[in-house]
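Input: a single structure, listed below in structure tokens.
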Amino acid sequence: MGEELYHKLEIRRDIKDSLIVIVASILYAVNVNVFVNAGNLLPGGATGISLLLQHICRTFLHISVPYSLFSILLNAVPATICYRVVGKKYTLRSVLCIFVTSIAVDAIPSHFVTDDLLLISIFGGIINGTLIALILNSHATSGGTDFISMIISKKKGISVWNYIFMGNVAVLLIAGCIYGMNVALYSIIFQYASTQMINMMYKRYDKDTLFIITKKPDEVYNIILKKTNHDATLFKGVGCYKNEEKAMLYSVVNSDATRVLVMDIKKEDPEAFINYFGSKGIRGNFYYQEED
9 MGEELYHKLE IRRDIKDSLI VIVASILYAV NVNVFVNAGN LLPGGATGIS LLLQHICRTF
69 LHISVPYSLF SILLNAVPAT ICYRVVGKKY TLRSVLCIFV TSIAVDAIPS HFVTDDLLLI
129 SIFGGIINGT LIALILNSHA TSGGTDFISM IISKKKGISV WNYIFMGNVA VLLIAGCIYG
189 MNVALYSIIF QYASTQMINM MYKRYDKDTL FIITKKPDEV YNIILKKTNH DATLFKGVGC
249 YKNEEKAMLY SVVNSDATRV LVMDIKKEDP EAFINYFGSK GIRGNFYYQE ED
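The sequence shown begins at 9 in the working numbering and counts up one residue at a time.
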């Protein structure tokens, strides 16, 4: 009965994640046609390369090639590697995102909301990063360099978005020598805003340290283990104010699990005292939940 319930919950989660990915992919395409194209920006990754190839074909070859053709071809190899390294369901949801985005970019007409390049760069980047973070939190990627970042993150156990940003900056500066530095610099602002939103909203590779003083150490430990699959260390001590024996649990968990974990602990022991803060780095074994 337990396995059957788990299977139903897993199917429900897969459906929810897929629906979020589809909606976010359509909005991502809208953002490309409303902000990116309006400012002639060059976003990083496969999206930027696809738009750049489209521009080259129109300008120099005088032919119109669909965005979807370039996008799907550029993502084929990274998707294959991701399938082998990260996971089956993860890659399939990412492929779904790529197809929906590619088709939507071609199907949705461009619409210009403002001609202020600074506003386009900032708000387009914020929207772009928010949508990518939604897709990442739904166990998928938007393709391109996102595939690369997830493969490296899985191997190293760290967030690499800032490194991806620096790589995109280098590419944009090279492109700026060809198409003009104004476009390149505004595109860097777009990328910076997008990267900051991802770092703020996607916490899979961030870690929090928890110190929990409780009278129910066994129950609290079981919550930590069940919710995060992380271990904890038990310390015995004495509270100075009431001279009572206390138990303190120490654990390091993924930041995206902290909020729910603290709520569950407080439900179990309303008198628990919990101190948690971000961990800059750890050395030793640390469990990361595998992607499907």
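Positions of the beta carbon are idealized from the N, C-alpha and C atoms, including for glycine.
Predicted model, so just to flag it, every value in this text is computed and none were measured.
C-alpha distance - residue i paired with residue j, whole-angstrom precision
i, j, result
"Gly132", "Asn45", "10 Å"
"Leu100", "Ser79", "16 Å"
"Glu227", "Ala240", "12 Å"
"Ile232", "Phe281", "15 Å"
"Tyr284", "Thr88", "39 Å"
"Lys234", "Val270", "13 Å"
"Asn230", "Thr217", "17 Å"
"Gly56", "Ile28", "23 Å"
"Leu35", "Phe173", "22 Å"
"Leu144", "Phe294", "21 Å"
"Gly247", "Phe219", "15 Å"
"Ala265", "Thr236", "7 Å"
"Ile71", "Leu59", "14 Å"
8 Å contact criterion, which residue i and residue j should meet: CB distance rounded
i, j, result
"Val168", "Ser150", "Not a contact, Cβ separation roughly 15 Å."
"Thr109", "Ala37", "5 Å"
"Ala54", "Gly152", "3 Å"
"Asn41", "Ser102", "Not quite, the Cβ-Cβ distance comes to about 21 Å (not below 8 Å), so this is no contact."
"Ile116", "Gly47", "No, Ile116 and Gly47 are not in contact; Cβ-Cβ is about 17 Å, not under 8 Å."
"Asp114", "Ser76", "5 Å"
"Tyr213", "Ile166", "6 Å"
Exposure label - residue i; buried when at least 16 CB within 10 Å
i, result
"Lys211", "buried"
"Tyr249", "exposed"
"Ala84", "exposed"
"Leu50", "buried"
"Cys105", "buried"
"Asn262", "buried"
"Met9", "Bear in mind that a pLDDT of 45 at Met9, under 50, signals an unreliable position, so the number given afterwards is only what the model happens to contain. Per the 10 Å Cβ criterion, exposed."
"His147", "buried"
"Asn303", "Residue 303 is absent from the structure shown; the chain starts at 9 and stops at 300."
"Phe120", "exposed"
"Asp123", "exposed"
"Val94", "buried"
"Ala201", "buried"
Alpha helix (DSSP H) segment containing residue i, residue limits
i, result
"Ile290", "Ile290 -> no alpha helix (DSSP H), and no H or E assigned at all."
"Tyr75", "Tyr75 to Val93"
"Glu276", "Ser263 to Glu276"
"Thr122", "It is not in any alpha helix (DSSP H) - Thr122 carries neither H nor E in the DSSP assignment."
"Asn230", "Pro225 to Thr236"
"Ser161", "Thr153 to Lys164"
"Arg66", "Per DSSP, Arg66 belongs to no alpha helix (DSSP H) and is neither H nor E."
"Thr99", "Lys96 to Ala115"
Boundaries (first-last residue) of the beta strand (DSSP E) holding residue i
i, result
"Tyr187", "Taken as a continuous stretch (DSSP letters only), Tyr187 belongs to no beta strand (DSSP E), being part of the alpha helix (DSSP H) at Trp169 to Tyr187."
"Gly245", "Thr241 to Gly247"
"Thr217", "Lys215 to Thr222"
Residue i Cβ short of 6 Å to the ligand GTP heavy atom set
i, result
"Val29", "The ligand GTP is not among the ligands present in this structure, which contains no ligands whatsoever."
Chain C contact for residue i (CB, 7 Å cutoff)
i, result
"Asn136", "Note that chain C does not occur in the displayed structure, where there is just one protein chain."
Cβ pair count under 8 Å reaching 3, the segment 215-225 against the segment 275-287: Contact between the segment 215-225 and the segment 275-287 is present: 3 or more CB-CB pairs across the two stretches fall below 8 Å.
Cβ pair count under 8 Å reaching 3, the segment 134-151 against the segment 200-215: Touching, per the Cβ criterion.
Validate contact between the segment 250-261 and the segment 189-204 using beta carbons, cut 8 Å, 3 pairs: The segment 250-261, when compared against the segment 189-204, does not touch it at the 8 Å Cβ threshold.
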